[in-house]
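Chains as they are written, first to last, in the working numbering: chain B, 1292 to 1402; chain Z, 18 to 130.
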C-alpha cells in the first residue's frame, strides 16, 4: 500500500462545478503539500499545511491530522484549472525536505 | 525574484553514456531537492542537498549522484545510462531544509535511446 493515496485518479467536470480531490496518508507527517502540474511538466506549489484550512482564491485545502486525510477543493471550476493535482507529504521519520507523493489526480474541466 | 532554473530543458542520450543536469535555486534558498518523474513510478525523491551536504537520499542506485556548490547551485549526474532512466527530472529549492515551501523548476526531460 502506498504511503499516500489520492482519489479520484481522473475527474471530469463542467465549468462552474465544485470539485473535491482527496488525499489519505498512512505515516506521521510534519507537512502536507498540494501541487499542480500542467502539461509540459512544470509544478506549482499550491498549499503547504500542517493543520486546519487554507484558502487562496478559488482553492481551499483542509487537513485532518487525526484522520490522516486532506482535501483540495476548487470552487467555480474553470477550464484553466485542468491539470494534474498531486498530494505530497513530509514524513516525520525523515529529516529535511524529502517528499513522498501520491499518484496524482488528472482534472479536466470542460467549458 | 527569478524562479528555479534548470538546464538543459531537453536532452537525448544513448545507453551507457553519462549525463549532468544543473539546477539554480531561488536566490537565498539553501536547500535543493531532486526528483524523478516517470509514467510508471510517478514522482520519486532522489536526494536533497543543504549547505553543500547531502542530507537525504532516496532509493536509487549509486549511478545517481549529486553535489551542491557554495552558491547553492546543484548538479546531478547519472552514469551508465539505462533506458529506464528516461524521465522528467525536477529540482526544487527552499529556504532551509525543514518546514518551508518548495519551489519547483521547469524540469529537464531526459530521453535515453
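We treat Cβ as the ideally placed atom computed from N, Cα and C, and that holds for glycine.
Three-state class that DSSP yields for residue i in the structure shown
i	result
residue 1390 of chain B	coil
residue 100 of chain Z	helix
residue 84 of chain Z	strand
residue 90 of chain Z	coil
residue 26 of chain Z	coil
residue 47 of chain Z	coil
residue 32 of chain Z	coil
residue 19 of chain Z	coil
residue 120 of chain Z	strand
CA nearest to the CA of residue i, picked from the options
i	options	result
residue 1319 of chain B	B:1379, B:1398, B:1395	B:1379
residue 115 of chain Z	Z:100, Z:73, Z:28, Z:98	Z:73
residue 64 of chain Z	B:1391, B:1401, B:1402, B:1400	B:1391
residue 103 of chain Z	Z:75, Z:33, Z:69, Z:118	Z:33
residue 23 of chain Z	Z:37, Z:41, Z:30, Z:31	Z:41
residue 88 of chain Z	Z:28, Z:35, Z:44, Z:31	Z:44
residue 1321 of chain B	B:1401, B:1396, B:1383, B:1387	B:1383
residue 1381 of chain B	B:1299, B:1397, B:1402, B:1316	B:1316
residue 112 of chain Z	Z:58, Z:37, Z:67	Z:67
residue 1401 of chain B	B:1295, B:1293, B:1309, B:1300	B:1309
residue 117 of chain Z	B:1341, B:1300, B:1365	B:1341
residue 50 of chain Z	Z:127, Z:130, Z:106	Z:106
residue 137 of chain Z	Z:82, Z:38, Z:47, Z:46	A query on residue 137 of chain Z cannot be resolved here, the shown segment of chain Z reaching from 18 to 130 and no further.
residue 1300 of chain B	B:1385, B:1375, B:1370	B:1375
Start-to-end residues for the beta strand (DSSP E) that takes in residue i
i	result
residue 1343 of chain B	1343 to 1347
residue 1360 of chain B	1360 to 1365
residue 1376 of chain B	1374 to 1382
residue 67 of chain Z	59 to 67
residue 1338 of chain B	1334 to 1340
residue 1298 of chain B	1295 to 1298
residue 1354 of chain B	1350 to 1355
residue 76 of chain Z	Careful: residue 76 of chain Z lies outside any beta strand (DSSP E) and carries neither H nor E.
residue 1303 of chain B	1301 to 1305
residue 1371 of chain B	No beta strand (DSSP E) holds residue 1371 of chain B; DSSP gives it neither H nor E.
residue 125 of chain Z	125 to 129
Selection of the region 53 to 79 of chain Z by Cβ proximity to chain B, strictly under 8 Å: 54, 59, 60, 61, 62, 65, 67, 72, 73, 75
Contact residues within the region 1358 to 1391 of chain B, judged by C-beta distance below 9 Å to chain Z: 1377, 1379, 1381, 1385, 1386, 1387, 1388, 1389, 1390, 1391
Interface residues of the region 1305 to 1329 of chain B facing chain Z [CB-CB below 8 Å]: 1321, 1322, 1324, 1326
Near-chain B residues of the region 98 to 125 of chain Z (beta-carbon distance less than 7 Å), N- to C-terminal order: The residues in question are 105, 107, 111, 114, 115, 116, 118, 119, 120, 121, 123, 124.
Within the region 1307 to 1336 of chain B, ranges of the beta strand (DSSP E) (whole runs, at least 3 residues): When DSSP assignments are scanned along the region 1307 to 1336 of chain B, the uninterrupted stretches of beta strand (DSSP E) that are 3 or more residues long and fall wholly within it turn out to be 1310 to 1316, 1320 to 1328.
Contacting positions in the region 37 to 53 of chain Z - beta carbon closer than 7 Å to chain B: Per Cβ criterion, the list reads 48, 50.
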